[in-house]
Structures are given as structure tokens and as C-alpha cells.
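Numbering (my numbering), first residue to last: 175 to 573.
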């Protein structure tokens, strides 16, 4: 029996745990939160943080792991690469994963290789910030170099906001660094989604248009609509760019989560290529939309097996996800959906339960739940998703 060590036991790792069980693999999970829902599905749980590289390495030796899987988790991706290399298991190069996981290193790589990307500086201390940003033009965007879920992403419109924004953003950086980059005027929404790579070539892709809550968190995704409305030639440019980048980096196989802006000239600008599948159940939506099993093939790739091909290409499906959220703090009482929206809900994964303390939506960890939706037509999906907040009622007890 093959043993698969899965880094994390949140709801986002449940699909790979379930796949292992279906295939007869021994599924072992680890993280530092015993109450995470995935652990009740795995064969074994060990209380080891997914960022504790030495701890995970020791655990992998003890359980005699045949594969290390980091699925839908940024921090775990580096651990998986290092442990896999240490045990001579299949995996991507440490350097490629570290560059893709670190916004500063990734921007440096993009600039060095002349890819289109925002002009950027890396900041570690407040003392040098005014001097360092002189080469940039306002408005700016500040981001922690190594956080996920859009935590600490802030727009800066003028120099007098630098200090305050730096203090807020750096709190979310594990390494104590932020990047500040020029704000790009884009056309339309961010283009993003999932791409699966095998031997440097894209095997499957699923691209959509990102939604944000303009009032609460304009730079934090709260949903996506599939398929994208971008013309095929732009989609092809984006996918070719992804393929070129992963090849230059030596990232050979696995899922990547991507974000691109389209500038005023209609040219793609690289924002992010994460060395793992996305959160918010994006890979599960991609599996529905393409017929390619992102969870299952993530496991098989980690075992050194060849990914299974697409069973069926059904790209004309009109799909979406939405992160249910609130603009108030309080105690959650109930979340209800309109009849019109309910007809399109294929799944709702509850993240917060009745009685939980909830916060205004600022980053992905403030979501109350994830909706997976299916529509009859693009017109149907866009008409509902453009006002989806009107179809959701979040009842709170304000204290």
C-alpha cells in the first residue's frame, strides 16, 4: 500500500484525502490544528505544523511516505519540495517553488527574464521606505512577500500613507518583508484560474474572471466566473507565458494557480503563479469544468505516476464560485440564499457555523463559506453574479 503524506487537513485538502482512500492509498495528514475537518477522513493524523520542515521530514521517514502532497496551501508547498528532495521522492525543484512562493523573488525573476510585470521594490525596514519607493510612480500596491489569501494587500495613493500601510502589511509576512509595486490600470477583471503542468507542458487549464468586493476588499478575490470572457488570443498568450515561466524555473509537474492583469494595450501582465492549486475550491470547480481530476492527479504526480488525461472536455459549462462574507463584525446567526440563487447552487461548504465570531471581509480567512454555482448561460451567470450579494442574507448578532 502506498503512503501519501498530505500537508494540511482543512476542507481544501479533503478532496486529495478522499482520492487516496478511493485508490486504496494510506492517507496521512499533518498540521497543528487537530480539529481541522480533513483529519477525520484520513487514516492517520499527526500534530506537526506544515511549515516545520524538519518535523515533516522526520514524520515522513517514520511513516515511510511514498509521496508528499501540498494541495491548495502556499506555506506547505516549500515544505513539500524540501522533504521530497530530502527523501528522494518525486517533486519540483526547491528553487522553483521558493521563487514562485515569494513575491519578491518572483518579481526579480520576471524582471531579469523580461516578462511583463509591475515595477517593484522590496522593503524590510521603515527607515528606507521613502528612499526606496522614489523610483516608483503612485498609486502603489504593498504586499507581504510570503503571505496568502490576499492578507496585507493595500493600495497606497500618496507618500503620507506609506508608514501606516507598511506597518499593516508587514504583520502578515513570515519573513518580515514586503514588496511595493506600481498600480497597473487594467482592463476588466483579473484573469485567473488553474493550470496543470506535466513535464513543463500544460495538460489542463481552467480560466475565469475574478470578482472582488469593491467596497470591503477591492484587492481580495471573493469569487470567479467561468469561462473567462477574454478573447482566445489573450487566453493563449497567458497560457504560453505560464508555460514559458515554469520551464525557465524548472517547475516540472503539478497544479499552479495563476493571476494576470490585462493592461490598456490588451497585453497580459504577470501578477502571480502559485506553485500549488488554488483555494476556495477552485481546483474542484476546475475538475467539474474540464473533466480533469486536479486533486487526483496532484496525488499521482507526487507518487511519480503519469497524470490521467481529460475524461471529457466540457469547457462550455458556466460555473462560478463565491466566498460568502459580511461587512460587519458579530456573532453568526444564519446565512440564507434567495430562491433564484438557490436554483444554481451545486454545493455550499460552510466555514463558519452558528455562534461563531465573524469579521468584515478583508482577506480569504474571513469567508463564511464557499458557494459552487452552475448556470445555464453566460448571460445568466453574469446577471446573477454581478449582484450576488443581493441574493445572500447574512444574519448577525451585533455585540
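In this text, a Cβ means the ideal position worked out from N, Cα and C, and glycines have one as well.
Taking the CA atoms as reference points, residue 441 sits about 8 Å from residue 411. Counting along the chain, no beta strand (DSSP E) covers residue 466, and no H or E run does either.
Under the three-state reduction of DSSP, residue 555 is assigned to helix. Within the same chain, and ignoring the five residues on either side of residue 350 in sequence, the residues whose Cβ sits closer than 7 Å to its Cβ are 298 and 344. Between the stretch 493–513 and the stretch 564–572, the count of Cβ pairs shorter than 8 Å is three or higher; the stretches touch. Counting along the chain, the unbroken alpha helix (DSSP H) around residue 416 starts and ends at 406–423. Membership of residue 338 in the alpha helix (DSSP H) is indicated by the continuous run 336–344. Residue 228 and residue 258 have their C-alpha atoms some 12 Å from each other.
In the three-state DSSP reduction, residue 528 falls in the coil class, being neither helix nor strand. Within the DSSP secondary-structure output, residue 220 pairs in a beta bridge with 204.
For residue 420 and residue 451, the gap between their C-alpha atoms comes out near 14 Å. A straight-line Cα-Cα distance of about 16 Å links residue 212 and residue 473.
Under the three-state reduction of DSSP, residue 226 is assigned to coil, being neither helix nor strand. Residue 492 is bridged by DSSP to 549. Secondary structure of residue 454 (DSSP, three-state): coil. When the five nearest sequence neighbours on each side are left out, the beta carbons in the same chain lying within less than 6 Å of the beta carbon of residue 493 are those of 400, 459, 463 and 548, in order along the chain. As the crow flies, the alpha-carbon of residue 199 is around 10 Å from that of residue 240. Residue 336 sits buried, since 16 or more C-beta atoms from the chains shown fall within 10 Å of its C-beta.
If you check the CB distance, residue 271 and residue 246 do not come in under 9 Å.
Between residue 204 and residue 224, the gap from beta carbon to beta carbon is short of 9 Å. Taking 9 Å as the cut-off, the Cβ atoms of residue 327 and residue 541 do not count as close. The DSSP-derived three-state label of residue 280 is helix. In this structure, residue 220 lies near residue 202, with their beta-carbon atoms less than 9 Å apart. If you draw a straight line from the Cα of residue 280 to the Cα of residue 514, it comes to about 43 Å. Under the three-state reduction of DSSP, residue 287 is assigned to coil, being neither helix nor strand.
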